[in-house]
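Mapping of the sequence shown onto this note's numbering: position 34 corresponds to residue 93, and the numbering continues sequentially without gaps. Ideal Cβ placement from N, Cα and C applies to all residues, glycine included. The structure appears right after this line, and notes come after that.
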Amino acid sequence: MVVGVYGLGRFGAFWAQHLAEHFTVTGWSRSSERPTPPGVRRVEEKEVLQADVLVLCVAISSLEEVLRRIAGQLRPNTLVMDTCSVKMYPVRLMKEILPPEVEILATHPMFGPDSGSRGLKDLPLVFSPVRMADESAAAWQERFCKMGLSVLPLSPEEHDREASITQGITHFIGRVLGELELNESNMATSGYRSLLDIVRQTCNDPWSLFVDLQKYNPYTVQMRRDVHQAITVMLERFDSIEAINNGRKNG
């Protein structure tokens, strides 16, 4: 079985390298300057599209364009996997654009080069079969388990609702903290160091990923409103305390 990785950006290269430990992997990137990951055979776009399994590692905002370009070049029974950080949007696009004889498996590796720097053991991977035989879905679930991953079977809707909190709020708060330009300190508590870790993990990712996470997950709108409301409540509480204290002083 040949697994083709379409897109060798920061995440694509990381994922291709790990897949190459278990499968024969080909890879393609539109940028010739990107290094080829260990264990991966770099090929032209036409060849990577002939793989038995095609793993799309492209930006969410680029997915529709990519699908329309490759749809007519895929062989029947090719299994196409996306790796997008949202699921409802890419699933809708893949069902609409890819030919009916192409199988579809929606995945979301809930990790990346930073969180996966020490290996994949027990890291979560969301697994949502869209258009494929039950036997094939079961086989791929087992393969991911053998890679050490914690496979989470979820519907696209369940994923996006949960991810708006577990991932969306993490990236949102991480970017907010990043704007504060927090620094290391000899007085840092473990909690403060954890905040710095969040900033490093979220701000190391491209800005476009952050925007896509917020834009293409319909549940993040409410998450941002909730965060805004929570901050407003806390500020109002302190305003009330200050008003009481000032009243006592003036009294």
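- Under the three-state reduction of DSSP, His-167 is assigned to strand.
- Within the DSSP bridge table, the entry for Leu-236 names no partner.
- The continuous beta strand (DSSP E) containing Val-210 extends over residues 209-212.
- Exclusion of the five residues before and after Phe-73 leaves Pro-96, Gly-171, Pro-172, Gly-175 as the residues of its chain whose Cβ lies within less than 8 angstroms of its Cβ.
- Closest by C-alpha distance to Gln-273, out of Ile-257, Ala-222, Leu-255, is Ala-222.
- With fewer than 16 other CB atoms across the displayed protein chains lying within 10 angstroms of its CB, Trp-266 is exposed.
- For Met-147, no beta strand (DSSP E) encloses it; the enclosing alpha helix (DSSP H) starts and ends at 147-156.
- Contact between the stretch 97-107 and the stretch 78-88 is present, with at least three C-beta pairs closer than 8 angstroms.
- Pro-149 sits close to Ile-119, with the two beta carbons spaced by under 9 angstroms.
- Here the alpha carbon of Val-64 sits roughly 15 angstroms from the alpha carbon of Ala-165.
- Listed as beta-bridge partners of Glu-162 by DSSP are Leu-138.
- The criterion of a C-beta distance shorter than 9 angstroms is satisfied by Ser-187 and His-218.
- In this structure, the alpha-carbon of Glu-295 lies about 20 angstroms from that of Val-235.
- When beta bridges are read from the DSSP output, Phe-186 appears opposite Thr-166, Pro-212.
- Taking Leu-133 as reference, the option from Ile-232, Leu-157, Arg-259 with the minimal CA-CA separation is Leu-157.
- In the three-state scheme derived from DSSP, where H, G and I count as helix and E and B as strand, Val-117 is classed as coil.
- The beta carbon of Phe-82 sits closer than 7 angstroms to those of Met-60, Val-62, all from its chain and outside the five residues before and after it, given in chain order.
- In the three-state scheme derived from DSSP, where H, G and I count as helix and E and B as strand, Val-99 is classed as strand.
- Excluding residues up to 5 positions away in sequence, Ile-119, Val-145, Tyr-148 lie with their Cβ nearer than 7 angstroms to the Cβ of Tyr-275 in the same chain.
- Within the same chain, Cβ atoms closer than 8 angstroms to the Cβ of Leu-179 are found at His-77, Phe-170, Met-206, Gly-207, Leu-208, the five residues on either side in sequence being excluded.
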